[in-house]
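Asks: Chains as they are written, first to last, in our numbering: chain V, 37 to 146; chain W, 2 to 118. Think of the CB as a built atom: it goes at the ideal place given N, C-alpha and C, for glycine as much as any other residue. Everything numeric in this text was worked out from a predicted model, so none of it was measured.
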Amino acid sequence: LAKTTQPISMDSYEGQEVNITCSHNNIATNDYITWYQQFPSQGPRFIIQGYKTKVTNEVASLFIPADRKSSTLSLPRVSLSDTAVYYCLVASSGYSTLTFGKGTMLLVSP
Amino acid sequence: DVKVTQSSRYLVKRTGEKVFLECVQDMDHENMFWYRQDPGLGLRLIYFSYDVKMKEKGDIPEGYSVSREKKERFSLILESASTNQTSMYLCASSRSAGGFYGHNEQFFGPGTRLTVL
């Protein structure tokens, strides 16, 4: 089973780009990488998902190297409202893999 | 707007009590999940269900059971609550298209904070 490792916390300032990396050394061929964001007193919500290379949407980018043993969530020009916990999830079709990381607490300061 | 609701935001129970946590989704999703969330441990999967009356164990099923009698409702049961089950419990749902796709976007409820005294 794929295990995921993320930094416990990160600090940034408004307007900076933030990159959060998740390691998943045992990722399987059918596994996808998904990132979720969680604010206090709320459930996590989906940000972005990828399988390989680079994916970009209106809020973030996801970089996945060719070996897929890690992935990097990139948040451009963060604001105070991006302060949250970010979770990496490795999951596959079928029942074999559904593993959340322990989360990265991102604190954005003025 | 899609919605997953959980029966209580806060719950206090005593050791040995039987506890029911209810989750309802209005998106006609096939898959439903129960997680617990603890500081420093992140989200851990307890059970999931891919269809009515069907269930699969997650990573930490011990001390829990589940019930899914209707598609929209998924219940988590603590047969005899213990203090180490004090936690935040999160329910989620996701769609399937002809099979179980663990990577499909999950929609989470707001959580139930359970305290067992």
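1) What separation, rounded to the nearest whole angstrom, lies between the Cα atoms of K105 of chain V and G137 of chain V?
2) Against chain V, does E63 of chain W count as a neighbour if the rule is that its beta carbon must be under 8 Å from one of theirs?
3) Closer than 6 Å by C-beta to T70 of chain V: which residues in its own chain qualify, once you throw out the five before and the five after it? Chain order, please.
4) Does the separation of the CB atoms of R69 of chain W and V25 of chain W fall below 8 Å?
5) Is it true that the region 23-41 of chain W meets the region 90-97 of chain W, where meeting means three or more beta-carbon pairs spaced less than 8 Å apart?
6) With 8 Å set as the bound, which would you pick, yes or no: does the beta-carbon of L46 of chain W sit closer than that to a beta-carbon of chain V?
7) Tell me the residue span of the beta strand (DSSP E) that contains T40 of chain V.
8) Leaving aside the five residues before and after G139 of chain V along the sequence, list all residues of the same chain whose C-beta is less than 7 Å from its C-beta, in chain order.
9) Is the Cβ-Cβ distance between I83 of chain V and Y72 of chain V less than 8 Å?
10) Do the CB positions of E53 of chain V and L111 of chain V come within less than 8 Å of each other?
11) Say whether chain W places a C-beta atom closer than 8 Å to the C-beta of T214 of chain V.
12) Cα-Cα, which of W:T87, W:G43 and W:L12 is closest to T40 of chain V?
13) Whose C-alpha, out of V:F75, V:P146 and V:N55, is nearest the C-alpha of F99 of chain V?
14) Check whether chain W comes within 8 Å of F82 of chain V, counting only Cβ atoms and requiring the distance to be less than that.
15) How close, in whole Å, do the beta carbons of D47 of chain V and S145 of chain V come, if the pair is a contact with beta carbons under 8 Å?
16) Got a sec: which bits of the region 91-113 of chain W sit with their beta carbon under 9 Å from any beta carbon on chain V, in order along the chain?
17) Can you find the residues in the same chain that come closer than 7 Å, C-beta to C-beta, to V67 of chain W, ignoring five residues on each side of it along the sequence?
18) Using only CA atoms, which one of V:V114, V:S128, V:I44 and V:T119 lies nearest to G41 of chain W?
19) Of all Cβ atoms in chain W, is any one closer than 8 Å to the Cβ of T70 of chain V?
Replies: According to the structure shown:
1) Locating residue 105 of chain V in the first sequence gives position 69, where the first residue counts as 1. Locating residue 137 of chain V in the first sequence gives position 101, where the first residue counts as 1. Rounded to the nearest angstrom, the gap between the Cα atoms of K105 of chain V and G137 of chain V is 14 Å.
2) The residue given as residue 63 of chain W occupies position 62 in the second sequence. By this cut-off, E63 of chain W is not an interface position.
3) Within the first sequence, the letter at position 34 stands for residue 70 of chain V. If the five residues before and after T70 of chain V are omitted, its C-beta is found closer than 6 Å to the C-beta atoms of Q85 and L125, all from its own chain and listed in chain order.
4) Here residue 69 of chain W is taken as the residue at index 68 of the second sequence, counted from 1. Here residue 25 of chain W is taken as the residue at index 24 of the second sequence, counted from 1. In this structure, the beta-carbon distance from R69 of chain W to V25 of chain W does not fall below 8 Å.
5) Yes, they touch.
6) Residue numbering aside, residue 46 of chain W sits at position 45 when the second sequence is read from its first letter. Yes, L46 of chain W counts as interfacial toward chain V.
7) Residue 40 of chain V sits at position 4 when you count from the first residue of the first sequence. For T40 of chain V, there is no enclosing beta strand (DSSP E), as DSSP marks it with neither H nor E.
8) Stepping through the first sequence from its first residue, residue 139 of chain V is reached at position 103. When the five nearest sequence neighbours on each side are left out, the beta carbons in the same chain lying within less than 7 Å of the beta carbon of G139 of chain V are those of Q42, V121, Y122 and Y123, in order along the chain.
9) For the purposes of this step, residue 83 of chain V is taken as residue 47 along the first sequence, with counting starting at 1. For the purposes of this step, residue 72 of chain V is taken as residue 36 along the first sequence, with counting starting at 1. Y72 of chain V sits close to I83 of chain V, with the two beta carbons spaced by under 8 Å.
10) As a working mapping, residue 53 of chain V is identified with position 17 in the first sequence. As a working mapping, residue 111 of chain V is identified with position 75 in the first sequence. Against a cut-off of 8 Å, the Cβ pair of L111 of chain V and E53 of chain V comes out as a contact.
11) This structure gives no information on residue 214 of chain V, because the portion of chain V shown stretches from 37 to 146.
12) By one-based count along the first sequence, residue 40 of chain V stands at place 4. Looking at the Cα atoms, W:G43 is the closest of the given residues.
13) Within the first sequence, numbered from 1, the residue matching residue 99 of chain V stands at position 63. Answer by Cα proximity: V:N55.
14) Taking the first sequence and counting its residues from 1, one reaches residue 82 of chain V at position 46. Yes, because at least one Cβ of chain W sits closer than 8 Å to the Cβ of F82 of chain V.
15) Along the first sequence, one-based indexing puts residue 47 of chain V at 11. Along the first sequence, one-based indexing puts residue 145 of chain V at 109. At roughly 7 Å, the Cβ-Cβ gap stays under 8 Å, so D47 of chain V and S145 of chain V are in contact.
16) Listed in sequence order: L91, C92, A93, G100, F101, Y102, G103, H104, N105, E106, Q107, F108, F109, G110, P111 and G112.
17) Start at 1 with the first residue of the second sequence, and residue 67 of chain W comes out as number 66. Contacts found: W35, Y48, S50, K56, F75, S76, L77 and I78.
18) By one-based count along the second sequence, residue 41 of chain W stands at place 40. The residue with the shortest Cα to Cα distance from G41 of chain W is V:I44.
19) Counted from its first residue, the first sequence places residue 70 of chain V at position 34. Yes, because at least one Cβ of chain W sits closer than 8 Å to the Cβ of T70 of chain V.
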